[in-house]
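Protein chains in written order, with this note's numbering: chain A, 60 to 174; chain B, 524 to 634.
First the structure, in the form of structure tokens, and then the observations on it.
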């Protein structure tokens, strides 16, 4: 079974630009969660989608948004990029119907650098 | 959502058991304890989870105290490949939540 895939793996953007990251979950998984990982703040939960609906959300500004498609693939978008948005963005999928918990399977991440 | 406290780092000799503690004194009755690990530059990997009873799988054992305020992840025979950051997380399985990873314990397995 193929794992969680994320594209692109590396990205360099300029302040003020916007970026879209993509995540393809494990086949059959309907829950997709997004996380931001930085050396200073660690691993922080952004949001979770289940059946095309945002079900849970962390404490991030509205510049961070996401969506999920009918095939469970998900995208996250960051608008008006700031230097502090430089991070590893991780996507995780789960088969759990009651939340993203149980076993979450993480992708390799997208390394975003904002200059 | 309950928060967790873990020691920042630990060392363990290869072949010995690694016991990683986690404090979650504010855990609620409907919250599970989850353990993940992250090997450098990779996405976190699920290890094990439990509610009240001790759990064991092919990777590790999870011991949860009777009052559920703390737990211990046991890697029975640590290898060099177990060197990673280990995260203890407490969360509900439904409703609103914030899945908080915390800073984790950096385990170094020594040859």
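For glycine and all other residues, C-beta sits at the position ideal for the given N, C-alpha and C.
The Cβ-Cβ distance between residue 94(A) and residue 109(A) does not fall below 8 Å. Counting other Cβ atoms within 10 Å of its Cβ, residue 566(B) reaches 16 or more and is therefore classed as buried. Sixteen is the threshold: when 16 or more other Cβ atoms of the shown chains lie within 10 Å of the Cβ of residue 547(B), as they do, the residue is buried.
Taken atom to atom, the span from the alpha-carbon of residue 593(B) to that of residue 131(A) is near 36 Å. If only complete runs of 3 or more residues are kept, the segment 529-599 of chain B shows the beta strand (DSSP E) at 532-536, 541-546, 555-561, 568-573, 584-587, 593-598, in order along the chain. For residue 130(A), DSSP assigns no beta-bridge partner whatsoever. Shown here, residue 125(A) sits in a strand according to DSSP, grouped into three states. Excluding residues up to 5 positions away in sequence, 610, 612 lie with their Cβ nearer than 7 Å to the Cβ of residue 624(B) in the same chain. Under DSSP, residue 629(B) shares a beta bridge with 532(B), 608(B).
In terms of Cβ geometry, residue 153(A) and residue 90(A) form a close pair [threshold 8 Å]. Contacts between residue 162(A) and chain B, judged by CB atoms closer than 7 Å, involve 569 in chain order. Membership of residue 94(A) in the beta strand (DSSP E) is indicated by the continuous run 90-97. Sequence-distant partners of residue 116(A) (beyond 5 residues in either direction) whose C-beta falls short of 6 Å from its own C-beta, in its chain, are 106. With three or more CB-CB distances shorter than 8 Å, the segment 61-79 of chain A counts as touching the segment 120-138 of chain A.
Within the same chain, 111 come within 7 Å of residue 129(A) by CB-CB distance, once the 5 residues on both sides are set aside. Interface criterion met: the Cβ of residue 565(B) is under 8 Å from a Cβ in chain A. Sequence-distant partners of residue 530(B) (beyond 5 residues in either direction) whose C-beta falls short of 6 Å from its own C-beta, in its chain, are 628. Taking 8 Å as the cut-off between beta carbons, the residues of the segment 603-614 of chain B near chain A are 610, 614, in sequence order.
When the Cα atoms are used, residue 632(B) and residue 626(B) turn out to be separated by approximately 19 Å. Boundaries of the beta strand (DSSP E) around residue 101(A): 101-109. Looking only at 554(B), 539(B), 532(B), the smallest Cα-Cα distance to residue 526(B) is reached by 554(B). Between residue 169(A) and residue 71(A) a beta carbon distance of about 11 Å is seen, past the 8 Å cut, so the two are scored as non-contacting. Residues of the same chain with a CB within less than 8 Å of the CB of residue 599(B), apart from the 5 flanking positions on each side, are 540, 583, 584 in chain order. Distances from the alpha-carbon of residue 581(B) to those of 572(B), 589(B), 588(B) put 572(B) closest.
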